[in-house]
Every structure is written in structure tokens, then in C-alpha cells.
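Comments concern the structure below.
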């Protein structure tokens, strides 16, 4: 299986997030990395060092864009300047697909810069679908929506989160960036079985998978991206790969960032699951 | 509750200032109990009430916003002190929440806001405003566009009627204090401390330090980018006024007239001065074609 139409039929392998503390290592040592994920907003600027760094990375590595402020579920329309700059960056990186979150975060032009959860209602499905379609049409590349970690649930919800996700992606005809750590975090915070979620996801639409670590608090867990991946999350990852086939996988590590080699080694742990699945698929094909 | 109403209600709650011990306020600005507000759209679970679940987002919002401002204004934080900086940040963000998809623009109005709020700058309010202007100018100079500069031949062919542009990355400032060295020193120190903390280090405010006493002295400054680094360059007031006038779209002749208005520089010495400026501007690539889109800078005080 070499990807699907939601990731441009790319089988990229295992990537890591491009982060400033690693720049020197990357440019000095030129490590072999399957691909880098960039945060789009960090490069949606006119000029200067960040774009120079990006261009140097693009000369050597494959890059996929991941956004944090498109807010597909916000009721207010996206800022045209945001879309213009995003498309400009898409042309620069030639990203095979682009992802952002299934959430909201701005209202009436004011931004919280957070990934706020949506109520799982039919109204929210309709609003979100409309916006995903509009962004996808404007950017002219496949868009994948990522499930977020959440800490609050809404009394008005009319379906489960995975039902909501499936409704949105089917109607918008878009891909999924399946974050198995987010599923785990939300499952603890909302007291559901995370494996039920993974088993319910529209597997044929999964363009990419995120893995990450999180932080435990007394009464809830927070998606902090500052720890290694825990075993229960690897179990969810293994099941996701089993269902989706080998899928481009990205380790997120955004806070208390260790050295490059440590982050890369943590990401490469995903290889055993990908390899196992590839072997099983090959055997089944014989 | 429809989606629009829910999002407005939740955003208002999330952006409400925290209490002194970083908790969510018990009462909304309209007097309603926050427990009732949260309960009107958030469901509790077996461990957390609706209030506690909403509070997680309220705390995250402020930690993120305050962290972002502190990252862009470390010298201002050092000048006013960590506690006063947090207080002024909360007041500023309450009045000017983010209106941009990117956190890069969060501090765009901070210097002007601080200038209008002397009660927030402490004993060294004027210095604090200058430091905020310099730090914001750094943000702008760091990633603003660099257009094709005028060639030497094009510069030589300019006349009094010519309209020319100034590179968008060039940021002009009229300050009350020569605060550029102070800001540079504090930024260097911050870089050193971050580097000593290693890759895994978290962004922590600088250690308390004794700042040098800076006497009030009118200073004209440009922040600009050469290659990929931001530099500061002090100027004479005539040069500053001329560049500001060019940026406002005046012809070269009118800009020079504005530049020398009230100047004590003898008339006979002015042509040599102007030639020196143009040599420097051409060398730095500051001049470019005038654009109809060329607008006065978004921040920074260009008028004395």
C-alpha cells in the first residue's frame, strides 16, 4: 500500500517536527530523516531567516505542512490574508497534503490560539464541512483534519467524537490526520475506550498519523508533547496501522525538546509496527 | 445553544483574566456565577465539574498568551520586573486580544498601548516605552519583506520630484532614551542563559539584575536587516525625519525639506550631509521603488 488519495499517494515513512533547537544539528550533520513536518504559521511571513532555513531544508528533505489556526469549526469565516499566505507557502513547499485541526479557536475575528473542542452536533458537522471544503478547494491540495485532545465535553453533543469525525470527513471528502495520543488523552479525560475510537475511524481516509507524549495531572491529562510515547499509545498506533496500512507517521515533541538524536530515535520506534504490517501485507498478497 | 452562541460564550470565559492564584474567576464580568456559566454548555465528568473543565482552557489561554509576549519582549520584562510585566500583559491583552491568525502579531500594539498607560510602566515608564518600541521593531525587521533595492545608477538619477520607497524591513524610531544598547545587552544575556540551559531548557524569565541608569536623551534609531540578522543604527534627527517623510510618500525634495525643518545644521553643510546619507542608504539597500502600497509603519512613532 503506497498511500492514498488523501496524502497524494505518498508513503513517506517516519517524520519528525522541524524545530529551532535542532537546526544546527540538521545543517551540520545532515541526518537521514524520511520527512519533516513544519508548522505552517511559523513560515507564513514575508522574508527573513525562517524562510531561508525552510528553503535549505526543502533542498534536502521532504516537508509536509501542518497548521494550528485554520479552525475548521469556527463559525466566523477564515481571514483571507491567512488563506493567501497559506497558499503561497503551499506553493513553496509543494507539500503533498496539508493538515489542521478539527476544532475551533477564533470568533468574531478574535483568536484564542488554542485548539478548542467542538460540540458534536449536526450543526457543527455542517459548519465544519463547509469550511473544510472551501479551504481544500482554495488550496488545491488534499486536506486532512486532525482529532484534538480535549478537556471539556458539551452537554449539547448529539454523537460521539469518532462519529463526528467520520461524518465530517465523509461529507467534506477529506483525509484524517489520526493523532493516537490525542485519542488516548481524550479517552482518559472523557472516560471512553480509546480502542473503540481507533476501530471506528474511517481507515481508508487516514492520510497521516501523529504520535506524541503527554503529561498526567491529578484529575486529567494534558497533551503537552514533552515526553516519550507511552505503551498504551503505541498499542493504539499498532491497531491504527493494522487498520490503515503503513501510513506516514510523525512524532510531535514541542516542549522540553531533547537533542535531535533522542527525538529521532523515539520516532523510529514506529518502524517496527510499520515493518510488521508491511510484511503481513506482503504475505497476504502471496 | 447554537454553535455561534456557544463559541462566543466559551471564548469570553476562556479569555477572562485569571485570579491572583491562577484560577478561573468565580464571577463573570456581567455578575453571573461562572459555575452557572460553565454548566450552561459544559458537561461534568466523574472527576471534574463543568467549572473545572472550563478552567483548564482559561488557564491554558493565559499561560500561552503571556508566554508569547514574554518571548518577544524580554528586555521590557527586565526593565519593569516580572510581576509588573505580567500585570501589564494581562491589561494589554484584555484590551487588545489577538486579532491575527499568528501569534507573531500579538505585541504589535504594545508600545503604543504602554505609552498611553503610564501607570503600567512604573518609575521608568518612558524607558519602558522605548524598550517596547525597540523590541517590536526587532520583530518587524526580522521578517518583513526586502524588496529589490535601487541600483547606484537609479539612485544617481533621482531628482527632487522623485518618489522612492523605503524597504519594509527598515523600522524607524524616535526615542526618549538611547535604549538600543540596553536592549541588545539584555537580548545577548537572554541568549546566553537559554544556551546554558541546553536544548531541553524551558523559557524562563531572566534572573533579576541591576540595570544601568539611562539618562533621558532624544535618540533616533533604525532597526533593519542585513543578510538574515537584525541591526540597529542610530541617526541624526534630520536623517530620521527625511526617511520618515519618504515613507509617508513625499517626493524627495519635500522629504528633504521636512528633514531639515528647524535644523540647526548650516545650509552650506547640508548637501554634503545628504550625499553621505544616500551613500549609506544605497550601501545598506534601504531604498527601493515607491509602491502605491507603501504605508506608514504599523507601529513605531515616526512623528516627533
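Residue numbers (the numbering used here), protein chains in the order written: chain A, 4 to 289; chain B, 330 to 633. Note that beta-carbon positions come from the ideal geometry of N, C-alpha and C, so glycine has one too. Predicted, not measured: the structure shown is a model, and the values here were computed from it.
DSSP-derived helix/strand/coil call for residue i
| i | result |
| --- | --- |
| residue 614 of chain B | coil |
| residue 632 of chain B | Any reading at residue 632 of chain B needs caution, since the residue's pLDDT is 37, under 50, leaving its predicted position unreliable; the model's value is listed next. Looking at residue 632 of chain B - three-state DSSP - the assignment turns out to be coil, as it is neither helix nor strand. |
| residue 404 of chain B | helix |
| residue 170 of chain A | helix |
| residue 429 of chain B | coil |
| residue 463 of chain B | helix |
| residue 559 of chain B | strand |
| residue 477 of chain B | coil |
| residue 156 of chain A | strand |
| residue 23 of chain A | helix |
| residue 117 of chain A | strand |
| residue 391 of chain B | helix |
| residue 550 of chain B | strand |
| residue 132 of chain A | helix |
| residue 500 of chain B | strand |
| residue 530 of chain B | Reliability of the predicted coordinates at residue 530 of chain B is poor, the pLDDT of 47 falling under 50, and no value is obtained from them. |
| residue 253 of chain A | strand |
| residue 362 of chain B | strand |
| residue 493 of chain B | strand |
| residue 396 of chain B | helix |
| residue 591 of chain B | coil |
Residue-chain proximity (residue i, chain B), Cβ-Cβ < 8 Å
| i | result |
| --- | --- |
| residue 33 of chain A | no |
| residue 49 of chain A | yes |
| residue 190 of chain A | no |
| residue 78 of chain A | yes |
| residue 197 of chain A | no |
| residue 105 of chain A | no |
| residue 257 of chain A | no |
| residue 215 of chain A | no |
| residue 44 of chain A | yes |
| residue 102 of chain A | no |
| residue 127 of chain A | yes |
| residue 85 of chain A | yes |
| residue 110 of chain A | yes |
Contact set between residue i and chain B, taken where Cβ atoms lie within less than 7 Å
| i | result |
| --- | --- |
| residue 159 of chain A | 330, 370 |
| residue 82 of chain A | 430 |
| residue 270 of chain A | Chain B residues near residue 270 of chain A: none, gap ~16 Å exceeds 7 Å. |
Closer than 8 Å to chain A by CB, residue i
| i | result |
| --- | --- |
| residue 345 of chain B | no |
| residue 561 of chain B | no |
| residue 336 of chain B | yes |
| residue 448 of chain B | no |
| residue 557 of chain B | yes |
| residue 420 of chain B | no |
| residue 569 of chain B | no |
| residue 552 of chain B | no |
| residue 333 of chain B | yes |
Under 8 Å from the C-beta of residue i: neighbouring residues of chain B
| i | result |
| --- | --- |
| residue 156 of chain A | 371, 372, 374, 382 |
| residue 175 of chain A | The premise fails here: residue 175 of chain A is roughly 16 Å from chain B at the closest Cβ pair, so nothing lies under 8 Å. |
| residue 117 of chain A | 343, 386, 389, 390, 393 |
| residue 55 of chain A | 557 |
| residue 122 of chain A | 332, 335, 370 |
Given residue i as reference, the closest of the options once Cα atoms are compared
| i | options | result |
| --- | --- | --- |
| residue 441 of chain B | B/427, B/434, B/461, B/452 | B/461 |
| residue 316 of chain B | B/410, B/613, B/540, B/587 | Absent from the model: residue 316 of chain B. The displayed extent of chain B is 330 to 633, so no value can be given. |
| residue 60 of chain A | A/73, A/70, A/46, A/72 | A/46 |
| residue 90 of chain A | A/109, A/171, A/126, A/137 | A/137 |
| residue 368 of chain B | B/415, B/360, B/339 | B/339 |
| residue 72 of chain A | A/66, A/149, A/15 | A/149 |
| residue 215 of chain A | A/269, A/112, A/197, A/83 | A/269 |
| residue 218 of chain A | A/11, A/154, A/278 | A/154 |
| residue 181 of chain A | A/92, A/100, A/252, A/109 | A/252 |
| residue 255 of chain A | A/127, A/185, A/134, A/35 | A/185 |
| residue 104 of chain A | A/187, A/230, A/69, A/85 | A/69 |
| residue 491 of chain B | B/362, B/388, B/576 | B/576 |
| residue 134 of chain A | A/272, A/81, A/169 | A/81 |
Proximal residues of chain A, C-beta to C-beta of residue i below 7 Å
| i | result |
| --- | --- |
| residue 426 of chain B | 113 |
| residue 474 of chain B | 49, 50 |
| residue 339 of chain B | 119 |
Neighbouring residues, chain A, relative to residue i (Cβ below 8 Å)
| i | result |
| --- | --- |
| residue 471 of chain B | 51, 52 |
| residue 463 of chain B | None at all; the shortest Cβ gap to chain A is about 18 Å. |
Amino acids of chain B, ordered along the chain, whose beta-carbon sits closer than 9 Å to that of residue i
| i | result |
| --- | --- |
| residue 231 of chain A | What residue 231 of chain A touches in chain B: nothing, since even the nearest Cβ is about 13 Å away. |
| residue 183 of chain A | In chain order: nothing, as chain B lies at least about 21 Å away. |
| residue 218 of chain A | Ordered by position in chain B, no residue passes the 9 Å Cβ test against residue 218 of chain A, which lies about 12 Å from the chain. |
Partner residues on chain A for residue i, Cβ-Cβ distance less than 9 Å
| i | result |
| --- | --- |
| residue 377 of chain B | 154, 155, 192, 222, 223 |
Residue i beta carbon near the ligand NAP (any heavy atom closer than 7 Å)
| i | result |
| --- | --- |
| residue 562 of chain B | Absence of the ligand NAP from the depicted structure is noted, as is the absence of any ligand whatsoever, leaving it without description. |
Under 8 Å by beta carbon: chain D residues contacting residue i
| i | result |
| --- | --- |
| residue 130 of chain A | Looking for chain D here will not work: the only protein chains present are A and B. |
Which complete alpha helix (DSSP H) runs does the segment 50-102 of chain A hold, if anything under 4 residues is left out? 52-63, 83-96
With a floor of 3 residues, list each beta strand (DSSP E) that falls wholly inside the segment 160-229 of chain A, ordered by position along the chain. 178-182, 209-215
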